[in-house]
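Here is the structure we will look at, set down as structure tokens.
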Amino acid sequence: MILAIPDVLKPEQLAEARRLLEAAEWVDGKVTAGHQGARVKDNQQIPAEHPVARQVGEMLLRALSQNALFMSAALPLHILPPMFNRYSGGQQFGTHVDGSIRQIPGTPHRIRTDVSCTFFFAGPEEYDGGELVIEDTYGAKSVKLPAGHMILYPSTSLHHVTPVTRGTRLCSFFWLQSMIREDARRALLFDLDVGIQRVGASQPGHPGVVQLTGVYHNLLRQWAEM
Ligand code: NI
89 MILAIPDVLK PEQLAEARRL LEAAEWVDGK VTAGHQGARV KDNQQIPAEH PVARQVGEML
149 LRALSQNALF MSAALPLHIL PPMFNRYSGG QQFGTHVDGS IRQIPGTPHR IRTDVSCTFF
209 FAGPEEYDGG ELVIEDTYGA KSVKLPAGHM ILYPSTSLHH VTPVTRGTRL CSFFWLQSMI
269 REDARRALLF DLDVGIQRVG ASQPGHPGVV QLTGVYHNLL RQWAEM
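For the sequence shown, my numbering begins at 89 and goes up steadily by one.
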């Protein structure tokens with residue numbers, strides 16, 4: 089499932105985050121790439137331990153923890169600290185798959201990457217190119233969202249970022265381990281949840297809503313890994 093989450097940050101949070109990020113020191117993005125990724129990756133990142141990365145990362149994660157659409161779609165168990173990248177002057181990231189297991193920085197713990205997230209700090213009018221192209225079974229999907237929006241996609245997908253030929257593409261990217269490993273099951277639970285909310289809104293108090301809510305939780309109980 090590929091899903092856009094609109095308006096994750098409020099405009100004033102977005103402006104504050106951009107001010108902090110633009111003043112930070114940036115390094116070559118190859119530092120966090122694996123062998124395959126390093127050959128095709130050309131961008132800049134803020135080092136993970138940089139105080140700005142921590143501060144803006146916490147702002148994003150706090151906002152997401154209160155975002156019902158994100159929680160329902162991702163069903164997160166562990167979320168890696170957000171990282172930050174930027175592309176300009178023709179930079180791009182060729183086709184790759186994200187590493188399946190990542191260590192939580194500063195800890196001995198590792199998580200499985202089930203869902204990949206890209207949050208857009210710059211709007212599409214600010215740069216040319218820089219589309220995130222995600223390949224799924226229906227073909228390639230090209231994603232370039234307004235500032236403050238975020239895209240979720242399965243970490244199993246091949247994807248790339250096209251060359252940025254004008255301006256600067258500024259994003260956060262991170263991964264999470266979901267309580268539901270399989271994308272198809274997560275998508276099913278998400279559809280069921282959205283459907284229950286819709287019926288509940290148009291038929292308040294309908295007994296079918298309670299029954300379907302029971303089905304949702306009993307599926308989650310069967311499938312969730314903690
Ligand atoms: Ni990637």
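Ideal placement from N, C-alpha and C gives every residue a C-beta, glycine not left out. Please read all numbers here as calculations on a predicted model, not as lab measurements.
Going by beta-carbon coordinates alone, are I199 and Q265 separated by less than 8 Å?
A Cβ-Cβ contact shorter than 8 Å links I199 with Q265.
Can you give me the start and stop residues for the beta strand (DSSP E) that P99 sits inside?
Following the DSSP letters along the chain, one finds P99 in no beta strand (DSSP E) but inside the alpha helix (DSSP H) bounded by residues 99 to 111.
Excluding the 5 residues preceding and the 5 following P99 in the sequence, name in chain order all residues of the same chain whose CB lies nearer than 8 Å to its CB.
Counting only Cβ-Cβ distances below 8 Å, and skipping sequence neighbours, we find G236.
Is any heavy atom of the ligand NI found at a distance shorter than 7 Å from the C-beta of S49?
Limits of the chain in this structure are 89 at one end and 314 at the other, which puts residue 49 out of reach.
For R269, tell me which candidate among M314, G255, Q285, S290 has the shortest Cα-Cα distance.
Nearest of M314, G255, Q285, S290 to R269, Cα basis: M314.
On the CB-based measure, 16 or more other CB atoms within 10 Å of its CB, does M159 come out buried or exposed?
exposed
Decide if the region 249 to 260 is in contact with the region 172 to 179; the criterion is three or more beta carbon pairs, one per stretch, under 8 Å apart.
yes
Report yes if the C-beta of D186 is less than 7 Å from at least one heavy atom of the ligand NI; otherwise report no.
yes
Quick one: residues in its chain with C-beta nearer than 7 Å to the C-beta of L308, no 5 flanking neighbours on either side, listed in chain order?
Excluding sequence neighbours, L308 sits near L277.
Do the CB positions of P169 and G145 come within less than 8 Å of each other?
With respect to the 8 Å criterion, P169 and G145 are classified as neighbours on the basis of their beta carbons.
At the level of alpha carbons, what is the spacing between A136 and Q101?
Between the C-alpha atoms of A136 and Q101 there is a straight-line separation of about 20 Å.
Quick one: what does DSSP say V252 is sitting in, helix, strand or coil?
In the structure shown, V252 sits in a strand (DSSP, three-state: E or B).
Where K217 falls: helix, strand or coil (DSSP)
Residue 217 is actually Gly in this sequence, not Lys. Residue state, collapsed to three classes: strand.
Is the CB of L97 under 8 Å away from at least one CB in chain B?
Protein chains in the displayed structure number just one, and chain B is not present.
Complete alpha helix (DSSP H) runs within the region 134 to 219 (minimum length 4 residues, chain order):
139 to 153, 156 to 162
If you run the structure through DSSP and keep just helix, strand and coil, what is D281?
helix
Return the first residue and the last residue of the beta strand (DSSP E) that W114 is part of.
It is not in any beta strand (DSSP E) - W114 carries neither H nor E in the DSSP assignment.
Per-residue DSSP class, three states only, for P242
P242 falls in the strand class under three-state DSSP.
Would you say M89 and A275 are within 8 Å of each other, going by their C-beta atoms?
yes
Over what stretch of residues does the alpha helix (DSSP H) that includes G302 continue unbroken?
295 to 311
Using 8 Å as the Cβ pair cut-off and three pairs as the minimum, do the region 285 to 293 and the region 238 to 252 touch?
no
N-terminal and C-terminal residue of the alpha helix (DSSP H) that G125 is part of:
123 to 128
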